[in-house]
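The structure appears right after this line, and notes come after that.
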Amino acid sequence: MKIVKLEKIGEKILPVVSKISNQKHLAAIRDGFIMAMPMSLVGSVGLLLQNFRINLLNTELPLDQDPFQKFLVFVFGKHWTAFPNAITNVCNNLISIVVTLTIAYMLTQNYIEAGKKDNKYQHADPLVAAIIALLGSFLVFPQSAAGKLGSVWTQDSFGATSLILGMIVALLSTIMYVHLSDTKLTIKLPDSVPPAILNAFAAVIPLAISVIVINAIEFIIRAFGFTGMQDLIYKLVQAPLQGVGTSVGGAFVTIIAQNLVFFFGIHPAALSPIFQPINTINQNDLTNQLLHGASVMNLKGAPIGQTLQIIMGLTTVAVCVAIFLVARQSPHYLSIAKIEIIPGLFNIGEPMIYGLPIVLNPFMLIPYVFASAITGTIYYWLEMIHAIPAIAIAVPWTTPPFLNTYLASGGHIMPVLVQIICFVFDVVMFIPFVKLAIRSEANKAAADAK
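Note that the sequence shown covers residues 1 to 450 in the UniProt record's numbering.
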């Protein structure tokens with residue numbers, strides 16, 4: 001395939017992906033989840049300690065009999081898990097509240113930025129929008145009956161099952177607020193009044209209208225037999241999306257899509273508004289299972305986001321190894337591989353992606369798009385059928401290969417061995433295409449010399 005044809009394909013794909021990336025509502029979802037990401041990482045520290053083992057030779061040994069776990073009990077007492085559990089519970093089960101706040105905040109900022117040219121939405125305040133979204137979410141987040149005390153919210157009310165609901169409330173309430181803040185439906189005070197008081201009174205009517213509309217929608221939905229907006233959205237939207245998004249086929253499509261857009265020079269982060277909500281719901285569900293006594297060997301489901309992140313992170317390192325093995329005679333390829341190898345060990349692939357380049361390189365299209373798609377899908381399938389421990393404990397995306405699977409699986413060696421096999425497969429798949437690229441480069445140099 002000629003580069004010219006690839007460029008034409010890229011020209012058709014780029015506007016579509018750019019619209020997705022720059023669309024203010026989708027960008028707010030992406031950035032809102034990014035702002036909430038530290039919660040998952042902090043909450044996973046306690047999970048890692050509780051599920052980590054150092055006995056690699058006998059993985060059938062009950063976890064509480066592992067020497068490391070015995071050491072923790074000896075040092076901190078038999079109830080030591082109560083301390084990290086409290087942190088993990090808060091970080092995991094309040095995710096819907098945090099995402100609601102961050103999406104509302106980021107969306108208001110996006111509206112303000114987009115309206116600067118026409119002087120629109122400049123009276124909106126991101127913090128006020130976040131507060132309105134929070135109030136709206138408490139109107140619709142499910143409550144549990146508590147006898148004489150009435151209905152109460154529990155931690156589960158704000159967990160992964162309400163995540164899509166929180167997103168919708170944040171978007172709806174913020175859209176109403178920023179547009180109402182640009183109308184005459186605000187309380188006007190003299191300019192001599194301090195700005196903080198001006199902003200507070202200006203938000204009264206938009207706030208009232210927003211929460212009234214959300215509450216009205218909640219009551220209308222209940223009139224149709226649902227227990228509330230959360231019940232409707234979970235049954236009709238979130239559960240089907242989870243089913244498709246966390247399937248083996250969903251894993252394959254996700255990797256192909258992300259690799260394909262990166263091949264055309266567009267960072268996969270542009271697609272995160274589509275994939276990140278499902279990945280977060282999936283990760284939180286697995287974290288709850290671990291908190292309630294499940295092990296990484298018997299989880300219901302598998303960590304799709306974490307798995308794909310870890311397996312796809314091997315790709316550029318595999319290219320480096322393939323170059324070191326068969327392309328040492330190419331100064332260009334060798335120099336890029338030397339530059340990439342250290343960043344690649346920390347899941348940073350841009351030097352290789354744009355420097356070799358892999359972008360729009362016809363020789364790299366097949367291995368780059370399909371190598372990690374094949375290995376990632378197989379790895380995910382092995383987790384789904386419980387053939388290997390699930391890498392269900394969230395680790396930072398910059399954790400080096402093999403160490404990431406070891407930590408994310410709670411100290412099991414089998415995921416590391418499978419990851420090594422996947423890495424070898426990636427290297428082998430890249431070798432013939434690297435050879436073709438080097439041969440083409442040599443032929444071009446010879447033709448230019450004539």
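Glycine included, each C-beta is placed from N, C-alpha and C at the ideal position. The model shown is predicted, which means the values in this text are computed figures rather than measured ones.
Note the first and the last residue of the continuous alpha helix (DSSP H) segment covering residue i.
i: residue 338; result: 331 to 344
i: residue 68; result: 67 to 76
i: residue 258; result: 248 to 263
i: residue 361; result: From DSSP, residue 361 is part of no alpha helix (DSSP H); its letter is neither H nor E.
i: residue 132; result: 126 to 140
i: residue 38; result: 24 to 51
i: residue 156; result: No alpha helix (DSSP H) contains residue 156, which DSSP labels as neither H nor E.
i: residue 279; result: 272 to 291
i: residue 403; result: 403 to 408
i: residue 324; result: 315 to 326
i: residue 305; result: 304 to 312
Quick test of your reading: residue i and residue j, contact by CB under 8 Å. State the CB separation rounded to the nearest angstrom.
i: residue 259; j: residue 373; result: 7 Å
i: residue 33; j: residue 242; result: Not really, about 16 Å apart at Cβ, beyond 8 Å.
i: residue 389; j: residue 415; result: 6 Å
Please go through the same chain and pick out, in chain order, the residues whose beta-carbon is closer than 6 Å to the beta-carbon of residue i, but skip the five residues on each side of it.
i: residue 127; result: none
i: residue 107; result: 28 and 174
i: residue 91; result: 39, 42 and 43
i: residue 211; result: 135 and 136
i: residue 157; result: 141 and 142
i: residue 51; result: 410
i: residue 436; result: 363
Here's the rule: buried if 16 or more other CB atoms are within 10 angstroms of the residue's CB, otherwise exposed. What is residue i?
i: residue 30; result: buried
i: residue 180; result: buried
i: residue 53; result: buried
i: residue 321; result: buried
i: residue 400; result: exposed
i: residue 77; result: exposed
i: residue 412; result: buried
i: residue 152; result: exposed
i: residue 220; result: exposed
i: residue 26; result: buried
i: residue 354; result: exposed
i: residue 93; result: buried
i: residue 83; result: exposed
Excluding the five sequence neighbours on either side, which residues of its own chain have a C-beta within less than 7 Å of the C-beta of residue i, listed in chain order?
i: residue 379; result: 307, 311, 418 and 422
i: residue 101; result: 130, 133 and 134
i: residue 164; result: 233, 237, 238 and 277
i: residue 124; result: 108, 111, 112, 177, 178 and 181
i: residue 428; result: none
i: residue 339; result: 351 and 355
Could you name the residues of the same chain whose beta carbon sits closer than 8 Å to that of residue i, not counting the 5 residues immediately before and after it, in chain order?
i: residue 323; result: 330, 333, 334, 336, 337 and 434
i: residue 420; result: 402
Less than 9 Å between CB atoms is the rule here; does residue i satisfy it with respect to chain B?
i: residue 374; result: In the structure shown, chain B does not exist; there is a single protein chain.
Helix, strand or coil for residue i? Go by DSSP, reduced to three states.
i: residue 296; result: coil
i: residue 178; result: helix
i: residue 110; result: helix
i: residue 186; result: coil
i: residue 85; result: helix
i: residue 236; result: helix
i: residue 149; result: Here residue 149 scores only 48 on pLDDT, less than 50, and its place in the model is too uncertain to base an answer on.
i: residue 94; result: coil
i: residue 231; result: helix
i: residue 121; result: coil
i: residue 245; result: helix
i: residue 193; result: coil
i: residue 395; result: coil
Would you say the beta carbon of residue i is closer than 8 Å to some non-hydrogen atom of the ligand ATP?
i: residue 32; result: This structure simply doesn't include the ligand ATP, nor any ligand for that matter.
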